[in-house]
Amino acid sequence: MPVTNEDIVTRIEAASASYSSTFDKGHLALPPAKKYLVLTCMDARIDPARAFGIELGDAHVIRNAGASAKDALRSIVISQQLLATEAIAIVKHTGCGMLMFKNENAYGLVEGNLGAEARKELEERKLDFLPFPELKQAIQDDIEFLRGTKLVKDEVPISGWVYEVETGKTVRVV
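This is the structure we're talking about:
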């Protein structure tokens, strides 16, 4: 049975009531206490706080499809320049959907689901879905992208990781 908007509203309201009834972290500062950010995928199988040992207020967690540094650059710059983070961890994962298609496939799917005008808009915007064929190489490419921009200081440590959705382990690869 499909989820309805009412189901989502009810779930969020119930969770908010439960969470806020014992919430005692309103004193936390805006900048993250541990001064780092984690870029990871939006995949629902990843719980960054539990998987990566992040307590509330410790770090920024930036999520997008495929943990793309290009897609996250605006947020990375804000995190580093406005909120003083000093290190970056990129965490991609096994079984990522971004490994399973190319831009042409995504354009075709959008056209099939939303029509020719939607495809035309994708083309006009030159939208790149940023798929990748190999996990470790994609991590290396993202690190090289961040190293190659003037928007991230050269001395910022950047590490690359793979989260294994099958086991829950996170393994450093760069």
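With our numbering applied, the sequence shown covers 1192 to 1365. Where is the CB? At the ideal position from N, CA and C, for every residue including glycine. Just so it is clear, the structure is predicted and the values come from calculations on it, not from any experiment.
Which residues does DSSP list as the beta-bridge partners of residue i?
i, result
"H1251", "L1228"
"A1280", "V1229 and S1350"
Nearest by alpha-carbon distance to residue i: which of the options is it?
i, options, result
"A1278", "S1212, R1310, K1341 and I1267", "I1267"
"I1281", "S1207, E1346, L1318 and Q1331", "Q1331"
"K1317", "G1303, S1211, N1304 and N1294", "N1294"
"H1284", "S1211, D1238, K1341 and L1342", "D1238"
"L1219", "R1265, N1255 and A1250", "A1250"
"G1244", "E1335, V1229 and E1314", "V1229"
Between residue i and residue j, what straight-line distance do the alpha-carbon atoms span, to the nearest angstrom?
i, j, result
"R1327", "C1287", "Reading the sequence as shown, one finds Lys at residue 1327 and not Arg. Between K1327 and C1287, the C-alpha separation is close to 12 angstroms."
"T1213", "R1241", "19 angstroms"
"R1338", "F1323", "19 angstroms"
"V1347", "R1236", "29 angstroms"
"P1193", "I1199", "11 angstroms"
"L1273", "P1222", "8 angstroms"
"L1300", "A1256", "16 angstroms"
"A1205", "E1197", "12 angstroms"
"F1336", "R1254", "17 angstroms"
"D1319", "R1310", "12 angstroms"
"T1201", "T1340", "43 angstroms"
"Y1298", "D1215", "46 angstroms"
"S1211", "L1313", "41 angstroms"
"V1364", "N1304", "37 angstroms"
Identify whether residue i lies in helix, strand or coil by the three-state DSSP scheme.
i, result
"R1363", "strand"
"R1214", "Residue 1214 is actually Phe in this sequence, not Arg. Coil, per DSSP."
"V1263", "Rather than Val, the amino acid found at residue 1263 in this sequence is Ala. Looking at A1263 - three-state DSSP - the assignment turns out to be helix."
"F1336", "helix"
"G1306", "coil"
"G1288", "helix"
"T1201", "helix"
"A1242", "helix"
"E1295", "helix"
"I1237", "coil"
Please classify residue i as buried or exposed, where buried requires at least 16 neighbouring CB atoms within 10 angstroms.
i, result
"Y1354", "buried"
"D1333", "buried"
"M1233", "exposed"
"Y1227", "buried"
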